[in-house]
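> Going by my numbering, the sequence shown opens with residue 1, and the numbers climb by one from there. Where is the CB? At the ideal position from N, CA and C, for every residue including glycine. For clarity, every value in this text was computed on a predicted model and none was experimentally measured. Right, I'll just put the structure down here and ask away after.
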Amino acid sequence: MKFFIDTANLDQIKEAQDLGILDGVTTNPSLMAKEGISGYDNIMKHYKFICDIVDGDVSAEVIATDLEGMIKEGEFLASLHPQIVVKVPVTKEGIKAIKYFSSKGIRTNCTLIFSAGQALLAAKAGATYVSPFIGRLDDISTNGVHLIAEIRMIYDNYGYETQILAASVRHTMHILQCAQIGADVVTSPLSAIMGLLKHPLTDSGLAQFLADHAKGNK
Ligand code: G3P
């Protein structure tokens, strides 16, 4: 399973990269705004900073909602850096844009996926990734992880190569559940990745080993 980090925060991206487990980064306009990055030029520069830190794919989202605008923006984003994957919302125009990008060899991440039907259309159009937002489904009393399982089954039935990128991941259990189901990628905050390391028996066991070593080496 690939680990992506879902942030535009450069320090957190560096920390995950230094850990040696990072496969990519996802961003969106809200995450950019959270870091105070605004203005077209600054946003484009920020994508380049991110690409310089991480070795893998970096999702950069289009703002336009019409086909022509999405194509123009997406082509520019893709030209910024070979690691850029163009993030496109799963709308009617978005599906057309994904089909276009796919025919031009431009990789895409179809975002704001909340149903298996949307994921099926995105795969049919040739999306590289689909991003089902599992946390936001949980927020409205709908099991987000079940959606990952549904999409996995459909993609496996037909051999779609579109990768399932579980997004809106909020905690460690989301990561583990997605891994059990076979999501190709999980994008999450750094805190959820670091949470996977935590276990009190590891802490107490290590403390005991160090104490015993100290006793024997006085
Ligand atoms: O990857 C999508 C993500 O950024 C949305 O997360 O927590 O705002 O639902 P959240």
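1. Quick one: using the 10 Å Cβ neighbour count with 16 as the cut-off for buried, is residue 40 buried or exposed?
2. One question on the structure: do residue 50 and residue 58 come within less than 8 Å of each other, judged by their Cβ atoms?
3. Can you give me the start and stop residues for the alpha helix (DSSP H) that residue 140 sits inside?
4. Does the stretch 15-25 come close enough to the stretch 188-206 to have 3 or more Cβ pairs within less than 8 Å?
5. Hey, how far is the Cα of residue 171 from the Cα of residue 188?
6. Should residue 47 be labelled buried (16 or more other beta-carbon atoms within 10 Å of its own) or exposed?
7. Considering only C-alpha positions, which residue in the set 42, 36, 56, 45 is nearest to residue 22?
8. Under the assumption that residue 125 contacts residue 99 (Cβ atoms under 8 Å), give the Cβ distance between them as a whole number of angstroms.
9. Name, in chain order, the residues that DSSP records as bridge partners for residue 24.
10. Taking just the CA atoms, how far does residue 115 sit from residue 36?
11. Whose beta carbon lies closer than 7 Å to any heavy atom of ligand 1, going through the chain in order?
12. With DSSP collapsed to three states, give me the class of residue 83.
13. Would you mind reading off the limits of the alpha helix (DSSP H) that contains residue 155?
14. Is residue 173 buried or exposed, if buried means 16 or more other CB atoms sit within 10 Å of its CB?
15. Rounding to the nearest angstrom, what Cα-Cα distance links residue 75 and residue 30 in this structure?
16. Beta carbon of residue 108, beta carbon of residue 128: below 8 Å?
17. Which residues share a DSSP beta bridge with residue 165?
18. What number of angstroms, rounded off, separates the C-alpha of residue 197 from the C-alpha of residue 66?
19. Under 8 Å by Cβ, that's how I've got residue 164 and residue 179 pegged, so tell me the actual separation to the nearest angstrom.
20. Can you tell me whether residue 113 is helix, strand or coil according to DSSP?
According to the structure data:
1. Residue 40 sits at position 40 when you count from the first residue of the sequence shown. Its Cβ having fewer than 16 others within 10 Å, residue 40 is exposed.
2. Along the sequence shown, read from residue 1 onward, the residue named residue 50 stands at position 50. Along the sequence shown, read from residue 1 onward, the residue named residue 58 stands at position 58. Yes, they are a contact pair.
3. For the purposes of this step, residue 140 is identified with residue 140 of the sequence shown, where counting begins at 1. Where residue 140 is concerned, there is no enclosing alpha helix (DSSP H), given that its DSSP letter is neither H nor E.
4. yes
5. What you label residue 171 is simply residue 171 of the sequence shown in a count that begins at 1. What you label residue 188 is simply residue 188 of the sequence shown in a count that begins at 1. Looking at the two C-alpha atoms, the distance is approximately 8 Å.
6. Position 47 of the sequence shown, counting from 1, holds the residue named residue 47. By the neighbour-count rule (16 or more Cβ atoms within 10 Å), residue 47 is buried.
7. Within the sequence shown, numbered from 1, the residue matching residue 22 stands at position 22. For residue 22, the nearest C-alpha among the options comes from 56.
8. On the sequence shown, position 125 is the one that residue 125 refers to. On the sequence shown, position 99 is the one that residue 99 refers to. Indeed, because the Cβ distance is near 4 Å, the residues count as touching under 8 Å.
9. Against the sequence shown, residue 24 aligns to sequence position 24. Looking at the DSSP assignment, residue 24 forms a beta bridge with 4, 57.
10. Here residue 36 refers to the residue found at position 36 when the sequence shown is read from its first residue. Here residue 115 refers to the residue found at position 115 when the sequence shown is read from its first residue. Going from the Cα of residue 36 to the Cα of residue 115 covers about 31 Å.
11. 6, 26, 28, 30, 31, 131, 133, 135, 136, 167, 168, 170, 187
12. Within the sequence shown, numbered from 1, the residue matching residue 83 stands at position 83. Three-state DSSP puts residue 83 in coil, outside helix and strand.
13. As a first step, residue 155 is located in the sequence shown; it is residue number 155 there, counting from the start. Its alpha helix (DSSP H) spans residues 144-158.
14. Walking along the sequence shown from the start, residue 173 turns up at place 173. Classification for residue 173: exposed.
15. Position 75 of the sequence shown, counted from the start, is the residue given in the question as residue 75. Position 30 of the sequence shown, counted from the start, is the residue given in the question as residue 30. Roughly 21 Å separates the two Cα atoms.
16. Looking up residue 108 in the sequence shown gives position 108. Looking up residue 128 in the sequence shown gives position 128. Taking 8 Å as the Cβ cut-off, residue 108 and residue 128 qualify as a contacting pair.
17. In the sequence shown, the residue the question calls residue 165 occupies position 165. Beta-bridge pairing links residue 165 to 185.
18. In the sequence shown, the residue the question calls residue 197 occupies position 197. In the sequence shown, the residue the question calls residue 66 occupies position 66. Between residue 197 and residue 66, the C-alpha separation is close to 43 Å.
19. Position 164 of the sequence shown holds residue 164. Position 179 of the sequence shown holds residue 179. With a Cβ gap of about 12 Å, residue 164 and residue 179 do not count as contacting.
20. Your numbering for residue 113 matches position 113 in the sequence shown. DSSP places residue 113 in strand when its eight states are reduced to three.
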